[in-house]
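First comes the structure, then the notes that go with it.
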Ligand SMILES: *Cc1c(COP(=O)(O)O)cnc(C)c1O
């Protein structure tokens with residue numbers, strides 16, 4: 144065959160086939176979820192509200208130790224409902240860490256309220272409670288139990304701390320500060336399902352908390368989220384608003400403008416199956432984190448976030464912090480080197496005091512969030528990542544310098 148020689152010549156110059164992609168955080172779903180969906184469909188429960196959704200809400204309340212859970216169509220929707228339930232109104236201000244996913248602040252804006260951005264601390268990347276206390280002391284005044292922002296005159300209604308990367312905030316301190324100023328607290332635990340704070344479940348630490356079941360979170364319901372609360376009144380309010388604020392189902396009367404935010408039954412079926420796997424997922428997330436830490440910590444200029452003695456993180460994503468001077472390359476250069484080996488990694492979100500979406504929002508003096516944004520890189524942390532794949536990531540980081 145005359146073509147054979149030239150074929151093999153071409154083959155000889157062909158680059159190595161790309162190794163399979165290692166993704167940042169993909170869901171781990173299988174037979175159990177497929178069976179749960181089939182059962183839901185077989186039982187005639189697909190899109191509507193029904194017994195599977197009610198069971199999922201009972202499972203959630205039981206697993207996360209709250210009196211009530213209201214499943215929602217997304218974590219963002221759940222945040223919107225939670226903020227509405229605690230009484231955030233148009234014109235109010237809500238205190239939000241600058242280093243978080245944009246949805247945290249978007250939910251505030253949906254209500255016509257505005258975020259005020261505060262800095263995070265460098266050890267865990269969480270809302271800096273010292274700065275929070277200082278900000279309220281300096282920048283607010285209280286009259287008749289109403290806390291107002293000096294610069295804008297807006298009523299500060301709530302604090303919205305975020306359990307960043309799955310590490311819970313120091314909620315006892317935040318609760319005390321909130322009490323002193325008459326503020327509500329909503330816990331954004333979207334990344335922290337299964338994490339604990341002094342033995343208590345993340346999501347249950349404030350009067351209202353929020354989980355996300357987006358595909359990249361610890362457990363998924365094919366999208367979705369939940370409001371967790373100890374208050375029957377807040378749960379009822381959230382459920383009412385999520386159901387188009389329907390006050391009479393038969394006559395279809397609506398007392399106010401609500402939202403279509405309920406989770407579907409099919410999604411609830413997936414969520415129930417995933418919830419049963421949560422403990423196994425948490426073990427795996429911790430194993431992934433511990434192996435990265437064990438095999439990378441000796442590298443100069445590369446560090447990890449700490450885990451507080453009072454906390455157990457969900458280790459949603461493992462992030463490394465890169466000091467480019469000592470490590471040799473920047474976090475973004477490292478990201479490119481990993482991408483060349485078909486490994487997905489991601490920096491943090493642009494700090495929200497810099498976001499065009501929230502231009503004009505007030506912000507405290509913010510430095511640490513900027514530093515972490517510049518220096519951090521999140522590594523592949525999917526529950527199903529194999530030892531071999533994680534070994535590839537570690538090898539690629541070690542040889543990137
Ligand atoms: C994912 C996430 C959300 C939003 O959840 P969705 O289910 O994607 O709407 C909110 N806050 C934080 C901190 C998140 O990570």
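Residue numbers (the numbering used here): 144 to 544. Every residue gets a Cβ at the ideal spot worked out from N, C-alpha and C, and that includes glycine.
A straight-line Cα-Cα distance of about 42 Å links residue 462 and residue 185. For a cut-off of 8 Å, the C-beta gap from residue 428 to residue 305 is around 18 Å, too long to register as a contact. DSSP places residue 516 in the helix class (H, G or I) of the three-state scheme. Around the beta carbon of residue 508, fewer than 16 other beta carbons lie within 10 angstroms, which makes this residue exposed. With respect to the C-alpha of residue 226, the residue from 300, 409 and 418 having the closest C-alpha is 300. By the neighbour-count criterion, in which 16 or more other beta carbons inside 10 Å mark a residue as buried, residue 403 falls on the exposed side. Within the same chain, Cβ atoms closer than 6 Å to the Cβ of residue 257 are found at 236 and 504, the five residues on either side in sequence being excluded. Not one heavy atom of ligand 1 sits closer than 7 Å to the Cβ of residue 403. In this structure, the C-beta of residue 461 stays at least 7 Å away from each heavy atom of ligand 1.
For residue 330, DSSP records a beta bridge to 352. In this structure, the C-beta of residue 384 stays at least 7 Å away from each heavy atom of ligand 1.
A distance criterion of 7 Å places the beta-carbon of residue 331 in contact range of ligand 1, judged by its closest non-hydrogen atom. For residue 461, the enclosing beta strand (DSSP E) starts and ends at 461 to 465.
Distance from residue 377 to residue 351 at the Cβ level is roughly 6 Å; contact confirmed, criterion being Cβ atoms closer than 8 Å. Secondary structure note for residue 185: its alpha helix (DSSP H) is the uninterrupted segment 174 to 185.
Look at residue 360: its beta carbon is less than 7 Å from one of the heavy atoms in ligand 1. In the DSSP secondary-structure assignment, residue 343 is bridged to 340. Secondary structure of residue 247 (DSSP, three-state): helix. The beta-carbon distance between residue 443 and residue 165, rounded to whole angstroms, is 25 Å. This is too long to meet the 8 Å contact definition. In this structure, the alpha-carbon of residue 312 lies about 18 Å from that of residue 491. Minimum Cα-Cα distance from residue 205 among the listed residues 389, 497, 372 and 454 corresponds to 372. A distance below 6 Å between beta-carbons, with the five flanking residues on each side excluded, links residue 248 to the following residues of its chain, in chain order: 239, 258, 495 and 501. At a Cβ-Cβ threshold of 8 Å, residue 512 and residue 275 do not count as neighbours. Shown here, residue 373 sits in coil according to DSSP, grouped into three states, outside any helix or strand. The DSSP-derived three-state label of residue 386 is strand.
For residue 260, there is no enclosing alpha helix (DSSP H); the enclosing beta strand (DSSP E) covers residues 257 to 261.
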